[in-house]
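*Asks:* Letter by letter, the sequence shown follows residues -3 to 86 in this note's numbering.
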Amino acid sequence: MAQLGGRHHAAKPWKSEGPRVLEIVEIFDGNAYRAIYTVRFAQAVYVLHCFQKKSPTGIKTARTDIALVHRRLKAAQAEHETRYGAEQSH
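#1: With which residues is His45 paired in a DSSP beta bridge?
#2: In the DSSP assignment, the beta strand (DSSP E) including Ile20 goes from what residue to what residue?
#3: Under 8 Å, do Leu44 and Arg68 count as touching if we go by C-beta distance?
#4: Which residues share a DSSP beta bridge with Lys8?
#5: Measuring CA to CA, which of Ala74, Ala82, Arg59 is closest to Ser12?
#6: Locate the alpha helix (DSSP H) running through Gln73, then write down its first and last residues.
#7: Please return the same chain residues whose Cβ sits closer than 7 Å to the Cβ of Tyr33, not counting the five positions on each side in sequence.
#8: Could you check which residue in Trp10, Val35, Cys46 has the C-alpha nearest to that of Pro76?
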């Protein structure tokens, strides 16, 4: 859906990285799974992280997962600028 400009009904903004970084949460067999992706760039959708939620601190996402998404978003931006040029971002 994201590749075609749409949005999954369960997608919501992911608070840690601002606009156009989205999260889909899925519950299966009593476990929570998350997919974090960005639609900040005109030519590509970048999946930044997919993981099973296992936070020992309740509902908060683990700092290691947040840091990983942050690093991957920076890497996606650099890759996108190299491939398409800086002016092609949303």
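Beta carbons are placed, not taken as given, at the ideal position from N, Cα and C, and that holds for glycine.
*Replies:* Result, derived from the coordinates:
#1: Ile32
#2: First-last of the beta strand (DSSP E) with Ile20: 17 to 24.
#3: Yes, these two residues count as a Cβ contact at 8 Å.
#4: Glu19
#5: Arg59
#6: 59 to 80
#7: Taking C-beta separations shorter than 7 Å and ignoring five residues to either side along the sequence, the partners of Tyr33 in its chain run Ala(-2), Leu18, Val41, Tyr42, Val43, Leu44, following chain order.
#8: Checking the sequence shown, residue 76 turns out to be His, not Pro. With distances taken between Cα atoms, His76 lies closest to Val35.
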